[in-house]
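In numbering that gives the first Met the number 0, the protein residues as written are 0 to 126.
Glycine included, each C-beta is placed from N, C-alpha and C at the ideal position.
A short worksheet on the structure shown next.
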Amino acid sequence: MHIVEFFGRLFLSLLFLIEGLGKISIEQDVIMYMEDYGVPGILFLPALVLEILFPLILIAGYKTKWTASIMALFTFAVAIIFHTDFGESMQLMLFLKDIAIAGGFMIIIANGPGKISLDYYFKSKQE
Numbered sequence: 000m001h002i003v004e005f006f007g008r009l010f011l012s013l014l015f016l017i018e019g020l021g022k023i024s025i026e027q028d029v030i031m032y033m034e035d036y037g038v039p040g041i042l043f044l045p046a047l048v049l050e051i052l053f054p055l056i057l058i059a060g061y062k063t064k065w066t067a068s069i070m071a072l073f074t075f076a077v078a079i080i081f082h083t084d085f086g087e088s089m090q091l092m093l094f095l096k097d098i099a100i101a102g103g104f105m106i107i108i109a110n111g112p113g114k115i116s117l118d119y120y121f122k123s124k125q126e
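Printed below as a string of C-alpha cells:
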C-alpha cells in the first residue's frame with residue numbers, strides 16, 4: 000500500500016506541476032484572467048511558485064502535512080474565486096474537481112505521507 004500513497008501524492012502533484020509550467024509561457028494571459036476575477040496580477044508569481052515548487056515537495060514527501068495543507072487551501076480558494084458561476088455547467092464541474100482535489104490533499108493531511116517519503120526517512124533516522 001505504500002506505493003499507492005506515493006502515487007496518490009504524485010498524481011495530485013502532477014496536475015499542479017504541469018499547469019504551473021504551462022503558465023510560464025502565457026504569463027500575460029493568466030494575469031489578465033486573474034484580474035478579470037479581481038485577483039491582483041502581482042499574485043501571479045507566488046501562485047506560480049506554489050504550483051511548481053509545492054508539488055515537487057509533496058512528491059518527495061517532505062513536510063507533507065504542511066505542504067498538503069497549503070495545497071488544499073490554495074485549491075479551495077481557486078474553486079471559490081474562479082469557479083462559482085454554477086449556471087455554467089463547466090464551471091460547476093471545475094468547482095467540483097477542485098473540491099475533490101482539496102479532499103485528496105485532506106486525506107494526505109489526515110494520513111501522512113506514508114513510508115515512501117522523506118518525512119518517513121527522517122523520522123526513522125531519529126528513532
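Residue j beta carbon less than 8 Å from that of residue i
i, j, result
"I112", "E4", "Checking the displayed sequence, the identity of residue 112 turns out to be Pro instead of Ile. The answer is yes: Cβ separation under 8 Å."
"D118", "Y61", "yes"
"F43", "E26", "yes"
Presumed contact (8 Å Cβ cut-off) between residue i and residue j, rounded CB distance
i, j, result
"L57", "A67", "6 Å"
"A59", "F75", "Contact flag wrong, Cβ pair sits at about 23 Å."
"I108", "K64", "5 Å"
Helix, strand or coil at residue i [DSSP, three-state]
i, result
"I25", "coil"
"P45", "helix"
"V38", "coil"
"S116", "coil"
"H82", "coil"
"Y61", "coil"
From the options, residue whose alpha carbon lies closest to that of residue i
i, options, result
"K96", "T83, I30 and M33", "T83"
"L16", "K114, L52 and L72", "L52"
Alpha-carbon to alpha-carbon, residue j and residue i
i, j, result
"I106", "L91", "23 Å"
"A48", "M70", "For clarity, residue 48 is Val in the given sequence; the question names Ala instead. Computed Cα separation, rounded: 12 Å."
"G37", "V77", "12 Å"
"L14", "R8", "11 Å"
"I30", "E87", "22 Å"
"S12", "I23", "17 Å"
"G21", "L93", "18 Å"
"F10", "E126", "30 Å"
"I80", "I41", "16 Å"
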